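Numbering (the UniProt record's numbering), first residue to last: 1 to 771. Heads up, the beta-carbon is just placed ideally off N, CA and C, and yes, glycines get one too. These numbers come from a predicted model, not from an experiment.
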Ligand code: GLN
Ligand code: ZN
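Structure representation (structure tokens):
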């Protein structure tokens, strides 16, 4: 019989049990025993689900439960705890690490800031970045993995343990304190993997899955060369090793991977099905080939017949040495689609979350081994659902198709160049030098959240809700006028989230109730599902923005989320290229932008914080992505008159390497996060002359700390060293929704005072008072 397994399951629980338990523990409302109970219950439920995969169809479950995919906060930090490689600055001993100490590294404590966090490959999961210095040592660590293995064995489950691989663990870390090359730490690290693997084998674990997704990256030669010796060292002592690659095509490394002394390889065939043939051809007779066909990154029901056709030749060649699996860990998928009671039946029938994906794997294995007839009902049911989805009128919108086909190059270009536009804008805006503004949101107070929730639960009438939001807008406008800001915003009180809000109003988007995915630690996100052609039935923001504009003589900026971000922070349909979906979103935004303009909102910001994170893993694919992402932004933004001012905003990433594309967006003004890196980003402007107006953030809104006026003046001066005063704006790093008014009031008052002080200095040196 062919094998069947998953690379890992979501650990948060169907109802985010882990999140709530963690947060109670951090608030000291429960103790470590209670927290560990929750963790154990979640693991047990996941193991049981793997064993019961396909049970409804009378099938055998998955062969082995995956043990080690659970983590209290992050699997990278947990792996460091296993190999005794914790950052020395905390002074913790990995051997008797308790959960408080573990969380201190994840979240920071009074003495030390937290480990840095960054995106796990091209997912929206964030891992804690290992720190490697000349003083780094590895040694004994926590016993958590061994304990979990015993737990699973005691329940009678056959176990496949999982570990982040040594190469990936090193590669994903940062060199500190002058360490020249973290690869030099490999021998010491391997000694600990030898210990771990030997102990797992002694525990009777038959298989260990070692995740080495780094093979999907642009890898330096030295790292590639290190692979074979490393696994030659580990293999003799270990259980049978299944080396997993995912998130990309690794066929260029096929010869290297096939020659590794491991018992099996795993390929991501959802991302890169074409690589299968390269591997099957001459595949070593002593190895298992795990075929990750069921997509761990999306929410769509799997095309069973398609995968069967893909895998049949491989199965003919490999027989039982073929395993069917998920493309990557299901960590990146929501837990259970059967909990979506608010979605209509038609849409729900198209979806498969983690639980449903387990069944799909079991069914596929059965079909491969015993023929489709043995699972005919499941195949027929899937075929019906997929056919219904393909032909559903909810997916195909002829208006959108027609508009898309009619898009010309001119639609992605402003009528005039920047110099002409900015003159036309300044003619009516009459902004001072160093104009001040904010990024959009103001504090989301308990009152605001209560009003939104009450309206959603129908406890608040539409009228009451409207009035409650209008009161918030009035408050925001009054406050901004009192700070002396130059370009105001309406405050975004009505928005729960910058993507979900628009997802609720656009056609082609669905919002789930429980489709949560871990973002980091206890933080989960609920990406909307884009299932059909995206269409704007009626304006989404005009009422709020126009109301705000009616309250003041200062210009009010309209706020939208850009196409790349709307795409990146959603589950995207798999039946058309991302580019096409992005352009559909762009068309919808284009209509919204025009509606705002017509209503007199003539400064419009289109946020693209996720532009950078949408970059493909391999550099060779960057240009193509940037090309369509930029085009989508321009389609959204370019229909306006010359004197309408388009802003954009970016944060969360380093932008050095995509500055030319950011400039190509041709927004009149960009506000960009810079404070946390102490204006490091500005160095990039030495080499690259940003052509339009720019506001590097001078107020770090991620911290409750209120920056002093002098500090912000210093940052403005630093920016002035690279950016001409005529093109420089003054603004915070990002939206203020997570802050309190008690912080925002003094911070923005100080920010406008800082701008005025620098203006005065410039005037004294003969700069004109207006831009
Ligand atoms: N306009 C949004 C806000 O201010 C931007 C948020 C973001 O960039 N993440 O909240
Ligand atoms: Zn931001």
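Proximal residues to residue 418 (C-beta, below 8 Å), its chain only, five neighbours per side dropped = Position 418 of the chain shown holds residue 418. Only 666, 668, 691, 692 meet the Cβ criterion.
Got a sec? Which residues, its chain only, sit under 7 Å from residue 682 by beta carbon, not counting five neighbours each side?
-> Translated into the one-based positions of the chain shown, residue 682 becomes position 682. The answer, listed in chain order, is 674, 696, 718, 719, 722.
Candidates 438, 528, 437, 51: which alpha carbon is nearest residue 63's?
-> Against the chain shown, residue 63 aligns to sequence position 63. Between residue 63 and the set 438, 528, 437, 51, the nearest pair of CA atoms involves 51.
Do residue 490 and the ligand GLN come close, with the Cβ less than 7 Å from some heavy atom?
-> Residue 490 sits at position 490 when you count from the first residue of the chain shown. No, the Cβ of residue 490 stays beyond 7 Å of every heavy atom of the ligand GLN.
Heavy atoms of the ligand ZN versus C-beta positions, residues under 5 Å | Near the ligand ZN, residues with a Cβ at less than 5 Å from any of the ligand's heavy atoms are 609, 651, 734; the list follows chain order.
So does residue 607 have its beta carbon nearer than 7 Å to some heavy atom of the ligand GLN?
-> Along the chain shown, read from residue 1 onward, the residue named residue 607 stands at position 607. For residue 607, the distance from the CB to the nearest heavy atom of the ligand GLN is below 7 Å.
How many Å lie between residue 352 and residue 294 at the Cα?
-> Residue mapping note: residue 352 aligns to position 352 of the chain shown, counting from 1. Residue mapping note: residue 294 aligns to position 294 of the chain shown, counting from 1. Our two residues, residue 352 and residue 294, have alpha carbons roughly 10 Å apart in a direct line.
Do residue 802 and residue 587 have their CB atoms nearer than 8 Å?
-> Any property of residue 802 remains undetermined from this structure, which presents the chain solely from 1 to 771.
For the ligand GLN, is there a heavy atom less than 7 Å away from the beta-carbon of residue 12?
-> Within the chain shown, residue 12 is the residue found at index 12, counting from 1. Because no heavy atom of the ligand GLN lies under 7 Å away, the Cβ of residue 12 does not count as near it: no.
Going by other Cβ atoms of all chains shown within 10 Å of its Cβ, with 16 needed for buried, is residue 738 buried or exposed?
-> Residue 738 sits at position 738 when you count from the first residue of the chain shown. By the 10 Å Cβ count, residue 738 comes out exposed.
Distance between residue 486 and residue 446 (C-alpha atoms, nearest Å) | On the chain shown, position 446 is the one that residue 446 refers to. On the chain shown, position 486 is the one that residue 486 refers to. If you draw a straight line from the Cα of residue 446 to the Cα of residue 486, it is about 28 Å long.
Between which two residues does the alpha helix (DSSP H) carrying residue 2 extend?
-> The sequence position of residue 2 within the chain shown is 2, counting from 1. Run containing residue 2: none; DSSP gives neither H nor E here.
Taking the alpha-carbon positions, what's the residue 519 to residue 424 distance?
-> Reading the chain shown from its first residue, position 519 is the one you call residue 519. Reading the chain shown from its first residue, position 424 is the one you call residue 424. Whole-angstrom Cα-Cα distance: 43 Å.
Beta-carbon separation of residue 335 and residue 189 under 8 Å?
-> Within the chain shown, residue 335 is the residue found at index 335, counting from 1. Within the chain shown, residue 189 is the residue found at index 189, counting from 1. Taking C-beta atoms as the reference points, residue 335 and residue 189 fail to come closer than 8 Å.
Range of the contiguous beta strand (DSSP E) that encloses residue 696 | Your numbering for residue 696 matches position 696 in the chain shown. Per DSSP, the continuous beta strand (DSSP E) segment holding residue 696 begins and ends at 693–696.
My guess is that residue 145 and residue 47 are in contact by the Cβ rule of under 8 Å, so how many angstroms apart are they, rounded?
-> To locate residue 145, count along the chain shown from 1; it is residue 145. To locate residue 47, count along the chain shown from 1; it is residue 47. In this structure residue 145 is not in contact with residue 47, their Cβ atoms being roughly 14 Å apart against a cut-off of 8 Å.
Buried or exposed: which applies to residue 759, given that a residue is buried once 16 or more other Cβ atoms fall within 10 Å of its Cβ?
-> Taking the first residue of the chain shown as position 1, residue 759 is located at position 759. Buried, by the Cβ-count rule.
Using 10 angstroms around the beta-carbon of residue 688, count the other beta-carbons present and answer buried if the total reaches 16, otherwise exposed.
-> Here residue 688 corresponds to residue number 688 of the chain shown, with the count starting at 1. Around the beta carbon of residue 688, fewer than 16 other beta carbons lie within 10 angstroms, which makes this residue exposed.
Cut-off 6 Å between Cβ atoms - residues of its own chain near residue 652, not counting five sequence neighbours on either side | Locating residue 652 in the chain shown gives position 652, where the first residue counts as 1. Once the five neighbours on either side are set aside, the close Cβ partners of residue 652 are 609.
Please state if the CB of residue 306 and the CB of residue 328 are separated by a distance shorter than 8 Å.
-> Here residue 328 corresponds to residue number 328 of the chain shown, with the count starting at 1. Here residue 306 corresponds to residue number 306 of the chain shown, with the count starting at 1. No, the Cβ-Cβ distance between residue 328 and residue 306 is not below 8 Å.
Is it the case that the Cβ atoms of residue 167 and residue 223 are separated by a distance below 8 Å?
-> Taking the first residue of the chain shown as position 1, residue 167 is located at position 167. Taking the first residue of the chain shown as position 1, residue 223 is located at position 223. A Cβ-Cβ contact shorter than 8 Å links residue 167 with residue 223.
DSSP on residue 380, reduced to helix/strand/coil?
-> Counting from one through the chain shown, the residue named residue 380 turns up at place 380. Note: residue 380 maps to helix in three-state DSSP.
Thinking just about the alpha-carbon of each residue, which of 531, 517, 437 is nearest to the one in residue 489?
-> For the purposes of this step, residue 489 is taken as residue 489 along the chain shown, with counting starting at 1. Scanning 531, 517, 437 for the CA closest to the CA of residue 489 turns up 437.
If we call anything under 8 Å between Cβ atoms a contact, is residue 273 one with residue 246?
-> Residue mapping note: residue 273 aligns to position 273 of the chain shown, counting from 1. Residue mapping note: residue 246 aligns to position 246 of the chain shown, counting from 1. No, Cβ-Cβ distance for residue 273 and residue 246 is not below 8 Å.
Just to confirm, are residue 385 and residue 354 a CB contact at a threshold of 8 Å?
-> In the chain shown, residue 385 corresponds to position 385, counting from 1. In the chain shown, residue 354 corresponds to position 354, counting from 1. In this structure, residue 385 keeps its C-beta atom at 8 Å or more from the C-beta atom of residue 354.
Sufficient close CB pairs (3 or more, under 8 Å) joining the segment 724–737 to the segment 466–479 = Taking a contact to require three or more Cβ pairs closer than 8 Å, the segment 724–737 and the segment 466–479 do not qualify as touching.
Between the beta-carbon of residue 42 and the beta-carbon of residue 17, is there less than 8 Å?
-> Position 42 of the chain shown holds residue 42. Position 17 of the chain shown holds residue 17. Using a Cβ distance threshold of 8 Å, residue 42 and residue 17 count as a contacting pair.
Apply the 10 Å Cβ neighbour rule to residue 69 and answer buried if 16 or more other Cβ atoms are within range, or exposed otherwise.
-> Residue mapping note: residue 69 aligns to position 69 of the chain shown, counting from 1. That one is buried.
Look at the Cβ atom of residue 363, then the Cβ atom of residue 39, and state whether they are nearer than 8 Å.
-> Here residue 363 is taken as the residue at index 363 of the chain shown, counted from 1. Here residue 39 is taken as the residue at index 39 of the chain shown, counted from 1. Not in contact: residue 363 and residue 39 (Cβ atoms no closer than 8 Å).
Going by Cα to Cα distance, which pick from 559, 426, 428, 514 is closest to residue 491?
-> Reading the chain shown from its first residue, position 491 is the one you call residue 491. The shortest Cα separation from residue 491 among 559, 426, 428, 514 belongs to 559.
Limits of the unbroken alpha helix (DSSP H) element including residue 533 | Sequence index remark: in the chain shown, residue 533 carries index 533 (1-based). First-last for residue 533: 529–535, but that is the beta strand (DSSP E), not the alpha helix (DSSP H).
Are residue 92 and residue 99 closer than 8 Å when you measure CB to CB?
-> Within the chain shown, numbered from 1, the residue matching residue 92 stands at position 92. Within the chain shown, numbered from 1, the residue matching residue 99 stands at position 99. Not closer than 8 Å, so no.
Identify the continuous beta strand (DSSP E) that holds residue 791 and give its terminal residues.
-> The structure shown does not extend to residue 791, since the chain is modelled only from 1 to 771, so the question has no answer here.
Kindly examine the ligand MN and report whether one of its heavy atoms sits closer than 7 Å to the Cβ of residue 30.
-> No copy of the ligand MN occurs in the structure displayed; its ligands are the ligand GLN and the ligand ZN alone.
For residue 441, is the beta carbon positioned less than 7 Å from some heavy atom of the ligand GLN?
-> Taking the first residue of the chain shown as 1, we reach residue 441 at position 441. A distance criterion of 7 Å places the beta-carbon of residue 441 in contact range of the ligand GLN, judged by its closest non-hydrogen atom.
What three-state label does DSSP hand residue 679 in the structure shown?
-> Start at 1 with the first residue of the chain shown, and residue 679 comes out as number 679. Residue state, collapsed to three classes: coil.
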